[in-house]
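One structure is given here, and the rest of the page talks about it.
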Amino acid sequence: MKLMRGFVAVMSMALVPFVASADYLNTTFTFSNQTTTADTRVLLLPQFEGEVSEQGWPTGLSAETVRHLNRAIQAGDFSGKEKQQLEVIAPAGLEELRLLLVGVGAADSVTRATAEEIGAALSVYFNRVKSEQVLVDTRAIDAAEHNARITAAVAHGVDLRNYRFDRYKSKPADRPAQTVHWQVVNNSDAQQQYAAKRALAEGVFLARELTNLPGSDGYPARFAEIARQQLEPLGVEVTILGPEQVKELGMGSLYSVSQGSQHKAHLLVAHWKGSDDQPIAFVGKGNTFDTGGYNLKTAAASILLMQTDKAGGAAVVGAVKALAGERAPVNVVGVVPLSLNMISGEATLPGDVVTAGNGTTIEVGNTDAEGRLILADGIWYAREFFNPRAIADIATLTGAKVGALGTAYSAIFSDHDDIVATLRQAGENTQELVWQLPLGPYPNIVSSRIADMINTGSPGAQAGAIFLQHFAGDTPWVHIDMAGNALNQSASGIHPEGATGYGVRLLAEWAKLYSAQ
Ligand code: BES
Ligand code: ZN
Ligand code: MN
């Protein structure tokens, strides 16, 4: 009986439908310019630095309350500096059990990033105090345009931090069941700006979910089906090529990486046609697990967590979801070559030669340099079938990138100044920072003795980039190496522990900036 039950549980696990991220959060946000009638337990007041006084508080506070707050502000040294918090328990003369003053910094310099970080800190606070009804009175931020923008960014920060990956927990911890009433200057402005941020958050959640999926559950066909299920309802045109089509189209480089796995190569195409402009293409590395192949990752630490090797592809799917979700007026096509880098009697051998979709022959100098093999065909496919005005590829490509830049930046490579400038701006806006590394001069860096090219070379991050540049040809292109950025071991800021969803916000922002110029 016990065994039977175990069996049933395993079966049903496989059949559990993928949670739609729209239902993912258990929070409700309301935006109102009226005084709420809800029975709120926590009152939260954002405060500008140097402007912490009665003027910034709701009207009608009793003299008793004002006296209590002033004493607490003095005793707690609260100045309104960004991210500073002062909690007043049982504030005199108020129904609420807790009042939280939150510093947002100087009035004219509150950035999107700061507001999001503040929201993330609020998520932690809300979950700690377990309050079901929270009132956030933002009216101290009085210019209506600022108020809506900052409120939406704070709410976005709350959402981003609230995500958790719990589908494998037999008893998941309760998800935060809260209603947050945002008291704002103009409710329709705030509502509208938040709606776009909510779409963005759902893109990030989808990327995190895909990235977090263990290797044996997140194989190529499954990844593609999840993307289809999530994107088609938003009006995204989704095409999935199976292994036979990959082979028929000549994408031997993509095909070779999974030929040793029972899960063969796929190619996912997701087209959001929000305008009639020439499309922008995102090409994301969707290597659903990286064993290294016959150049096996033998160190336990290097093979563990290689389910996150699909994070570039997940970022592309998430960015397309975000843009479609907010009905952004941009034309973007996401292309995700999907592979599973495995060994078996049929796997690619080191030294084999494969032929890519554009006819280039490639010597596989190292089966662990598989990312560029699948991206080469992804980039070719994007050019061949979509004639994009620009291509951004994104991938957990090289350990060398982690050595050079760590995880505070991703590395970008491009010969196009307008792409670099807009991508840098997008990085600043979203705090998904990028740092440019050079594409040359590195003569013969990927020259092969026996084939047109080889998939290895030194320096390592540049070799990957220069290899890919060959497939981008004359299409304006950038390569984003996001190795190390896919996963956080512990929660920090807007990121809960686990997959970060890195790249979704960067790509979505970049598509808008680049389309607008
Ligand atoms: N997926 C890895 C890169 C990686 C390393 C991502 C660490 C995240 C964290 C990639 O496929 C890989 O194995 N790259 C090799 C290439 C080498 C064999 C030329 C590397 O960087 O060591
Ligand atoms: Zn890899
Ligand atoms: Mn590898």
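Numbers given in the numbering used here equal positions in the sequence shown, counted from 1, plus 312.
Heads up, the beta-carbon is just placed ideally off N, CA and C, and yes, glycines get one too.
Check, Outcome
"Using a Cβ-Cβ cut-off of 6 Å (strictly less than) and excluding sequence neighbours within five positions of glycine 677, which residues of its own chain qualify?", "Ile766, Asn767, Thr768"
"Have a look at glycine 752 and proline 771 and give me their C-alpha separation to the nearest angstrom.", "11 Å"
"Can you tell me which of the three DSSP states phenylalanine 517 falls into?", "helix"
"In whole angstroms, what is the alpha-carbon distance linking arginine 683 and leucine 818?", "Sequence inspection shows glycine at residue 683; the arginine mentioned does not correspond to that position. Straight-line Cα distance between these residues: approximately 20 Å."
"For the pair the segment 439-459 and the segment 776-792, tell me if three or more CB-CB distances fall below 8 Å.", "no"
"Please report the straight-line C-alpha distance between alanine 387 and leucine 406, rounded to a whole angstrom.", "20 Å"
"Please identify the residue among Val648, Asp351, Thr620 whose C-alpha is closest to the C-alpha of arginine 520.", "Thr620"
"Within its chain, find whatever has a CB closer than 6 Å to the CB of phenylalanine 783; leave out the 5 residues flanking it on each side and keep chain order.", "Ala688, Ile691, Trp692"
"Under the rule that 16 or more other beta-carbon atoms within 10 Å means buried, what is isoleucine 401, buried or exposed?", "exposed"
"Determine the DSSP secondary structure at alanine 334, reduced to helix, strand or coil.", "Reliability fails at alanine 334, whose pLDDT of 41 lies under 50, so the model's placement of it is uncertain and the value that follows must be treated cautiously. If DSSP states are grouped into helix, strand and coil, alanine 334 belongs with the helices."
"Indicate, with yes or no, if the ligand MN has a heavy atom lying under 8 Å from the CB of alanine 681.", "yes"
"Using C-beta distances below 7 Å, list every residue in its chain close to histidine 807, excluding the 5 sequence neighbours before and after it, in chain order.", "Asn800"
"Is the beta carbon of leucine 709 within less than 8 Å of some heavy atom of the ligand BES?", "yes"
"Glycine 715: buried (16+ other C-beta within 10 angstroms of its C-beta) or exposed?", "exposed"
"For valine 322, collect the residues of the same chain with a Cβ closer than 7 Å to its Cβ; drop the 5 residues on either side in sequence, then sort them by chain order.", "Because the pLDDT of valine 322 is 38, which lies under 50, any placement of that residue in the model is unreliable, and the question is left without a value."
"Say yes only if the C-beta of aspartate 602 is nearer than 8 Å to one or more non-hydrogen atoms of the ligand ZN, and no if none qualify.", "yes"
"Check whether the Cβ of aspartate 830 sits closer than 8 Å to any heavy atom of the ligand ZN, and report yes or no.", "There is simply no residue 830 to check, as the chain begins at 313 and stops at 829 in what is shown."
"Residue ranges of each alpha helix (DSSP H) run of no fewer than 4 residues wholly in the segment 567-631, ordered along the chain?", "612-615"
"Here's the rule: buried if 16 or more other CB atoms are within 10 angstroms of the residue's CB, otherwise exposed. What is glycine 612?", "Looking at the sequence itself, residue 612 is alanine, so the reference to glycine does not match. Alanine 612 is exposed by the Cβ-count criterion."
"Taking 8 Å as the cut-off, is the beta-carbon of methionine 765 closer than that to any non-hydrogen atom of the ligand ZN?", "no"
"Considering only the alpha carbon of each residue, which of Val644, Ala350, Ile792, Asp705 lies closest to leucine 825?", "Val644"
"Just how far apart, CA to CA, sit glutamate 544 and alanine 623?", "21 Å"
"Using the beta-carbon count (16 or more within 10 Å), is threonine 340 buried or exposed?", "exposed"
"Can we count glycine 793 as close to the ligand MN, meaning its CB is less than 8 Å from some heavy atom?", "The identity of residue 793 in the sequence shown is aspartate, whereas the question assumes glycine. Answer for aspartate 793: no, Cβ out of range of the ligand MN."
"Note down the Cα distance separating asparagine 382 from arginine 510, rounded to an integer number of angstroms.", "36 Å"
"Output needed for asparagine 670: all residues of its chain with C-beta closer than 7 Å, excluding positions within five of it in sequence on either side, in chain order.", "Trp692, Phe783"
"Hey, is the segment 574-586 in contact with the segment 644-655, meaning 3+ C-beta pairs nearer than 8 Å?", "yes"
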